[in-house]
Amino acid sequence: MAKDLLEFTYDESSIRSLDWKEHIRLRPGMYIGKLGDGSTPDDGIYVLIKEIIDNSIDEFVMGAGKLIEIKLSDHQFQLRDYGRGIPLGKVIECVSQINTGGKYDSKAFQKSVGLNGVGTKAVNALSEAFSVQSFREGRTKKADFSKGEIIKNYNEGASSEKNGTLFIFKPDESIFKNFHFRLEYIEKQIWNYVYLNTGLTISLNGKKYFSENGLKDLLEKNTDESILYPIIHLKGSDIEVALTHGTQYGEEYYSFVNGQYTTQGGTHQAAFREALVKTMREFYKKDFDAADVRTSIVAALSIRIIEPVFESQTKTKLGSTAMGPEGPALRTFIQDFIKTSLDNYLHKNPTTADIILKKILQSERERKEIAGIKKLANERAKKANIHNRKLRDCKFHYNDSGIQGHETVLFITEGDSASGSITKARKVENQAVFSLKGKPLNCFGLTKKIVYENEEFNLLQHALNIEGITL
Numbered sequence: 038m039a040k041d042l043l044e045f046t047y048d049e050s051s052i053r054s055l056d057w058k059e060h061i062r063l064r065p066g067m068y069i070g071k072l073g074d075g076s077t078p079d080d081g082i083y084v085l086i087k088e089i090i091d092n093s094i095d096e097f098v099m100g101a102g103k104l105i106e107i108k109l110s111d112h113q114f115q116l117r118d119y120g121r122g123i124p125l126g127k128v129i130e131c132v133s134q135i136n137t138g139g140k141y142d143s144k145a146f147q148k149s150v151g152l153n154g155v156g157t158k159a160v161n162a163l164s165e166a167f168s169v170q171s172f173r174e175g176r177t178k179k180a181d182f183s184k185g186e187i188i189k190n191y192n193e194g195a196s197s198e199k200n201g202t203l204f205i206f207k208p209d210e211s212i213f214k215n216f217h218f219r220l221e222y223i224e225k226q227i228w229n230y231v232y233l234n235t236g237l238t239i240s241l242n243g244k245k246y247f248s249e250n251g252l253k254d255l256l257e258k259n260t261d262e263s264i265l266y267p268i269i270h271l272k273g274s275d276i277e278v279a280l281t282h283g284t285q286y287g288e289e290y291y292s293f294v295n296g297q298y299t300t301q302g303g304t305h306q307a308a309f310r311e312a313l314v315k316t317m318r319e320f321y322k323k324d325f326d327a328a329d330v331r332t333s334i335v336a337a338l339s340i341r342i343i344e345p346v347f348e349s350q351t352k353t354k355l356g357s358t359a360m361g362p363e364g365p366a367l368r369t370f371i372q373d374f375i376k377t378s379l380d381n382y383l384h385k386n387p388t389t390a391d392i393i394l395k396k397i398l399q400s401e402r403e404r405k406e407i408a409g410i411k412k413l414a415n416e417r418a419k420k421a422n423i424h425n426r427k428l429r430d431c432k433f434h435y436n437d438s439g440i441q442g443h444e445t446v447l448f449i450t451e452g453d454s455a456s457g458s459i460t461k462a463r464k465v466e467n468q469a470v471f472s473l474k475g476k477p478l479n480c481f482g483l484t485k486k487i488v489y490e491n492e493e494f495n496l497l498q499h500a501l502n503i504e505g506i507t508l
């Protein structure tokens, strides 16, 4: 193989320079993540929509335009905002020249989510049809594009329209195969926008979306009657938090930076989780285990910082460690806010404080109880495996056969008769068989204690060498 590769000529002719639109179209994943056809909410066509809406949100944050009107069909997106409008002499450059935009001027866009000058250019380059029109102080400027290439440059003219910008685009079907927009995914995006921007109204195909209580409304929409106490809602300069405890296992977070939904969390979410534990320990004067404090937590966090640094162009994880180039440390800012605001809230609401304490102590008891059950169950499993062959393991190894661990298969059977038949027919190098005694336990809705006390579950867990699993 190496010899064949060396036969290819590598010289100056092998080096190519692409213009901005060619690069975006050749490597769209760098700019919008996966492509997809619109059947899942993280498909690229929804990132295109987000890039356009973000510009209008930035206008609202800067105090211009309280209404955004959106029209959506299966294949086309249209947005009209009532912000300041793109400066008319720069309309074409802002959507077709990479690294060109107003977001580089921190005075004009103090806490914008779009800082790289790429967003609308990516939408333009990846669209079969793209149109932009700006209305500003009684004048208007419009331009039409296709796949990033300008096809019609309209003359600037007079207009009676209110200030703002109009965008219309249709994604390129040669890139987004058989795509169509799904209204429910756009609707979820829009709800997040209005939760994070109280006072903003977004109209989608005539239906208006508005939130009066911000993140509190978000949690109310995403939780049910099983929450243990009323949602705690805390607001400060550049930060907003809503939190409560439910009855589910694990932790659930909705975190945002400058209006961007950071689905993978980041430095702000990590700082919040740490601050929550530290505040609870100090308030109750007990050195709780961090997991006991955060078990069943449901929380929403929104911060606004200057020039945020994300770990990719899709902006799903924050990497910033400071509130801005000259601002305080992000971790310190969040911890100081939580310590002061949450501590004050708990002192003023003793009933809620008591419920939280009971929840933490309950989680602590369950954790210790399960640890004991797991230890006993593992001992039983080891003894059981000595006396009966529940697992008929495979004989894979990494070097000689080339088989990797992820290429092995485990057949789980009901009863020794079934396992015996499969054992005879299996490929012994990478196929293992495990025999259950009867049907396995349906764990849905059961407590951890009941699950871990189940003998068959523990025998299987031990066979897979996952004694430390946490549900």
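Residues 38 to 508 in this note's numbering are what the sequence shown lists, from first letter to last. For glycine and all other residues, C-beta sits at the position ideal for the given N, C-alpha and C. Bear in mind the structure is a predicted one, so any value in this text is a computation, not a measurement.
Can you tell me whether residue i sits near the ligand SAH, meaning its C-beta is under 7 angstroms from at least one heavy atom of the ligand?
i: Val169; result: Absent from the structure shown: the ligand SAH. Ligands present: none.
Within 10 angstroms of its Cβ, does residue i collect 16 or more other Cβ (buried), or is it exposed?
i: Ile69; result: buried
i: Glu492; result: exposed
i: Asn200; result: buried
i: Asn242; result: exposed
i: Asp261; result: exposed
i: Tyr286; result: exposed
i: Lys178; result: buried
i: Ala462; result: exposed
i: His499; result: buried
i: Gln509; result: With the chain represented from 38 up to 508, any question about residue 509 goes unanswered, as that position is not in the structure.
i: Val84; result: buried
i: Cys131; result: buried
i: Ala195; result: exposed
i: Phe216; result: buried
i: Ser168; result: buried
i: Leu483; result: exposed
i: Phe204; result: buried
i: Val294; result: buried
i: Ile227; result: buried
i: Asn259; result: exposed
i: Glu249; result: exposed
i: Lys396; result: buried
Assuming residue i contacts residue j (C-beta within less than 8 angstroms), just tell me the rounded distance between them.
i: Thr202; j: Gly122; result: 6 angstroms
i: Lys354; j: Thr316; result: Contact doesn't hold; Cβ gap of about 24 angstroms is too wide.
i: Thr450; j: Ser472; result: 5 angstroms
i: Pro78; j: Tyr222; result: 4 angstroms
i: Ala162; j: Lys58; result: 4 angstroms
i: Val335; j: Glu289; result: 5 angstroms
i: Phe448; j: Val470; result: 5 angstroms
DSSP puts residue i in a beta bridge; with which residues?
i: Tyr298; result: Phe293
i: Leu271; result: Val278
i: Gln170; result: Lys179, Leu203
i: Val470; result: Arg429, Phe448
i: Ala366; result: Ala359
i: Gly475; result: DSSP, once it has assigned bridges, lists no residue as partnering Gly475.
i: Leu116; result: Ile107, Phe204
i: Ile239; result: Ile105, Tyr246
i: Ala307; result: Answer is none; Ala307 lacks a bridge partner.
i: Gly194; result: Thr177
i: Ile187; result: Phe182
i: Ser164; result: Pro208
Got a sec? Which residues, its chain only, sit under 6 angstroms from residue i by beta carbon, not counting five neighbours each side?
i: Asp437; result: For Asp437, the predicted structure reports a pLDDT of 49, less than 50, and the residue's modelled location is therefore unreliable. The matter cannot be settled from this model.
i: Ile268; result: Lys253, Leu256, Ala279, Thr281
i: Leu271; result: Val278, Ser378
i: Gln113; result: Lys207
i: Ser400; result: Asp329, Thr332
i: Glu348; result: Lys354, Gly356
i: Leu383; result: Phe320, Ala390
i: Leu233; result: Phe293, Gly296, Ser339
i: Asn190; result: Ala180
Cutting at 7 angstroms between CB atoms, please list the residues of its own chain near residue i, excluding the five before and the five after it.
i: Lys474; result: Glu493
i: Ser357; result: Thr304, Ile342, Pro345, Val346, Leu367
i: Glu96; result: Gly102, Asp118, Gly120, Arg121
i: Gly273; result: Phe374, Ser378
i: Ile108; result: First, the amino acid is wrong: residue 108 is Lys here, not Ile. Counting only Cβ-Cβ distances below 7 angstroms, and skipping sequence neighbours, we find Gln115, Asn242.
In chain order, what residues of the same chain lie with their CB nearer than 8 angstroms to the CB of residue i, ignoring the 5 residues before and after it?
i: Arg173; result: Arg121, Gly122, Ile123, Pro124, Leu125, Asn200
i: Asp324; result: Arg318
i: Tyr266; result: Thr281, His282, Thr388, Thr389, Ile392, Ile393
i: Ile187; result: Ile129, Ser133, Ala180, Asp181
i: Ser76; result: Arg219
Next on the checklist: List, from N- to C-terminal side, the beta strand (DSSP E) runs of 3 residues or more that fit wholly inside the stretch 73-114.
Outcome noted: 104-109
Checklist entry - Mind pulling the beta strand (DSSP E) runs of 3 or more residues that sit fully within the stretch 329-358? => result 334-340
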